[in-house]
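Numbering (mature numbering (1 follows the signal peptide of the UniProt record, and there is no 0)), first residue to last: -23 to -1, 1 to 105.
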């Protein structure tokens, strides 16, 4: 009986470690959603250029990167949508991922059928 309990504990820990390994990257998962907890903008250098990386923490996912360009209208719209989602305690739903980054999102205050008023409920982000 003790052996079965130990196996169950190890199996549970293994499953938790697998689910946590995907926490920082976007993957196409129809259940990838949750209340927005935190937005982060990190400055880094890529190919000699300084760039800002926008990431969002929501539901069981931490620091998931988002495709964006903060210096153009589209990038600011993404930031505004996520900012409104965090201030209204909304749930975001990931529609699509590209190269491990969120490329399409939807925000809703109550389930999928009641999108947030006065802002775009869905934003598609195109990469270069």
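All C-beta atoms, glycine included, are put in the ideal place defined by N, C-alpha and C.
Please name the residue, chosen from the options, that lies closest to residue i on a Cα-to-Cα basis.
i, options, result
"residue 83", "11, 39, -20, -22", "11"
"residue 35", "60, 75, 76", "60"
"residue 8", "25, 54, 37", "37"
"residue 57", "41, 3, 33", "33"
"residue 19", "40, 66, 54", "40"
"residue 75", "65, 53, 42, 66", "42"
Let me confirm a value: residue i is counted as buried when at least 16 other C-beta atoms fall within 10 Å, else exposed. Which label applies?
i, result
"residue 28", "exposed"
"residue 50", "exposed"
"residue 68", "buried"
"residue 22", "exposed"
"residue -21", "exposed"
"residue -1", "Unreliable positioning characterises residue -1 in this predicted model, as indicated by a pLDDT of 43, which lies under 50. The coordinate reading is nonetheless provided below. Burial call: exposed."
"residue -3", "Low per-residue confidence applies at residue -3: pLDDT is 41, beneath 50, and the placement is therefore not dependable, though the value from the model is reported in the following sentence. Under this definition residue -3 is an exposed residue."
What residues match up with residue i in a beta bridge as DSSP calls it?
i, result
"residue 14", "None; residue 14 has no bridge partner."
"residue 74", "79"
"residue 66", "Paired residue(s): none; residue 66 is not in a bridge."
"residue 50", "The partner list for residue 50 (beta bridge, DSSP) is empty, contrary to what the question assumes."
"residue 33", "16, 41"
"residue 21", "28"
"residue 84", "69"
If contacts are defined as beta-carbon pairs under 8 angstroms, then residue i and residue j qualify, I think. What distance do you get, rounded to the angstrom?
i, j, result
"residue 78", "residue 44", "5 angstroms"
"residue 63", "residue 16", "6 angstroms"
"residue 85", "residue 73", "With a Cβ gap of about 16 angstroms, residue 85 and residue 73 do not count as contacting."
"residue 3", "residue 71", "6 angstroms"
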